[in-house]
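Here is the structure we will look at, set down as structure tokens.
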Amino acid sequence: MEINWRHNIRWRDLLQGGQHRARHFARSLRDVIYPPACATCGLPIAGHGGLCANCWRSVRFIERPYCEVLGLPFSYDPGPGMLSAEAIADPPPFDRLRSVATHDGAVRDLVHRLKYGDRTDLAPMMARWMLRAGKEAMAEADAIVPVPLHRWRLFSRQYNQSAELGRSLSLLSGKPMVSSVLVRVKRTQKQVGLTAKGRAENVKGAFKVLERRRDEVLGRRLVLIDDVYTTGATVNAASRALKRAGAAEVTVLTFAMALADTISA
Numbered sequence: 400m401e402i403n404w405r406h407n408i409r410w411r412d413l414l415q416g417g418q419h420r421a422r423h424f425a426r427s428l429r430d431v432i433y434p435p436a437c438a439t440c441g442l443p444i445a446g447h448g449g450l451c452a453n454c455w456r457s458v459r460f461i462e463r464p465y466c467e468v469l470g471l472p473f474s475y476d477p478g479p480g481m482l483s484a485e486a487i488a489d490p491p492p493f494d495r496l497r498s499v500a501t502h503d504g505a506v507r508d509l510v511h512r513l514k515y516g517d518r519t520d521l522a523p524m525m526a527r528w529m530l531r532a533g534k535e536a537m538a539e540a541d542a543i544v545p546v547p548l549h550r551w552r553l554f555s556r557q558y559n560q561s562a563e564l565g566r567s568l569s570l571l572s573g574k575p576m577v578s579s580v581l582v583r584v585k586r587t588q589k590q591v592g593l594t595a596k597g598r599a600e601n602v603k604g605a606f607k608v609l610e611r612r613r614d615e616v617l618g619r620r621l622v623l624i625d626d627v628y629t630t631g632a633t634v635n636a637a638s639r640a641l642k643r644a645g646a647a648e649v650t651v652l653t654f655a656m657a658l659a660d661t662i663s664a
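My numbering applies: residue 400 is where the sequence shown begins, and numbers increase by one.
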């Protein structure tokens, strides 16, 4: 028995060592074929899925102190649990919003490449940052819901950038993504270039929860995923649909937030 036990240990060690060497070889081969480069400017960097020093410095992360509802950064610390004037004057239909960074510099480039440049390979890196920004909500969440595209927009683009982020978040967090519960029933024009009022009108009544899938929403704490928060029109409309279907809580989690000085989203 002792010999067999040691024999099995040796074989296991050899197998694990072989797997490690195979992974190392695969990574080395990938680095030769596709040398690590900055995800935005393309400069060589030490490893895949990162930014160079210059692009990293352009990222304005949104950290506390911020409005506990809208996630808007404060210029000073007003104390824990404080709300912004915007959240008090016009409470949103969702419970809270969290974003990684402001929509400028390298962050704007990442969003644009993911959304319009077929760079779905950026989603895992962006999702890691999102998981950190929304760690409290993600820890308590029952499921992840990406903001859906209309079927014709999805056919044209071939993928939904919010679903790509949601899928990566699901893998990182272990939380399930329910991608076909919330659907876009109204074919809207693109939000870019519209006023805040125009954006709200454009997506009014655009979303609904499928009746046969309501059980996946009822009483659940959901994290709604989108790439950019601009005026809030899209996530407001989507959150209303989820709340009407009985969601207990909706947290909006985005990669970027367009503030007043970055509003051209």
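For every residue, glycine included, the Cβ atom is placed at its ideal position computed from N, Cα and C.
- Item | Within 9 Å, strictly: CB atoms of Glu615 and Ala538 | Going by C-beta atoms, Glu615 is not nearer than 9 Å to Ala538.
- Message: With H, G and I counted as helix, E and B as strand and the rest as coil, what does DSSP make of Val506?
- Response: Here Val506 carries a helix assignment [DSSP, helix/strand/coil].
- Candidates Leu641, Gly533, Ala657, Val458, of which the one nearest Leu571 by Cα: It is Gly533.
- What do you get for Leu617, buried or exposed, if any count of 16 or more other CB atoms within 10 angstroms of its CB means buried? Looking at its Cβ environment, which holds fewer than 16 other Cβ atoms inside 10 Å, Leu617 is exposed.
- Query: Ordered along the chain, which non-local residues of its own chain (more than five positions away) have a Cβ less than 6 Å from that of Cys437?
  - Reply: For Cys437, same chain residues with a beta-carbon under 6 Å away, outside a window of 5 residues either side, are Ile444, Leu450, Cys451, Cys454 in chain order.
- Task: Rounded to whole angstroms, what's the CA-CA distance from Lys589 to Val582? Just pull it up for me.
- Result: Computed Cα separation, rounded: 17 Å.
- Message: On a Cα-Cα basis, can you pick out the residue from Met524, Asp626, Gln560 that is closest to Arg497?
- Response: With distances taken between Cα atoms, Arg497 lies closest to Asp626.
- Query: Taking just the CA atoms, how far does His447 sit from Glu462?
  - Reply: So the alpha carbons of these two residues sit roughly 25 Å apart.
- Task: Kindly give me the distance between the Cβ atoms of Gln560 and Leu513, rounded to whole angstroms, as I take these residues to be in contact under 8 Å.
- Result: Yes, they are in contact, since the Cβ atoms of Gln560 and Leu513 sit about 5 Å apart, within 8 Å.
- Query: What alpha helix (DSSP H) runs, 4 residues minimum, are completely inside the region 464 to 531?
  - Reply: You should have 484 to 488, 504 to 515.
- Message: From the DSSP secondary-structure annotation, give me the bridge partner or partners of Glu648.
- Response: Checking the DSSP bridge columns, you'll see Glu648 partnered with Arg620.
- Figure out for me which residue from Pro477, Met529, Pro575 has the closest Cα to the Cα of Met656. Of the residues Pro477, Met529, Pro575, the one whose Cα lies closest to the Cα of Met656 is Met529.
- Item | Cβ shell of Thr653 (< 7 Å), same chain only, five flanking positions each side left out | Once the five neighbours on either side are set aside, the close Cβ partners of Thr653 are Ser498, Asp625, Asp626, Val627, Tyr628.
- Does the pairing of the region 477 to 485 with the region 550 to 559 give three or more beta-carbon distances under 8 Å? With the cut-off at 8 Å, the region 477 to 485 and the region 550 to 559 do not touch.
- Please classify Pro490: is it buried, with 16 or more other beta-carbons within 10 angstroms of its beta-carbon, or exposed? Pro490 should be labelled exposed.
- Task: Identify whether Asp541 lies in helix, strand or coil by the three-state DSSP scheme.
- Result: In the structure shown, Asp541 falls within a coil segment according to DSSP collapsed to helix, strand and coil.
- Query: Mind checking whether Lys642 and Val651 have CB atoms under 9 Å apart?
  - Reply: Result no, Cβ atoms of Lys642 and Val651 do not sit closer than 9 Å.
- Query: How is Val591 classed by DSSP in three states: helix, strand or coil?
  - Reply: Reduced to three states, the DSSP call for Val591 is coil.
- Return the first residue and the last residue of the alpha helix (DSSP H) that Phe554 is part of. That run of the alpha helix (DSSP H) goes 550 to 556.
- Task: Give the secondary structure of Val634 by DSSP, where H, G and I count as helix, E and B as strand, and everything else as coil.
- Result: If DSSP states are grouped into helix, strand and coil, Val634 belongs with the helices.
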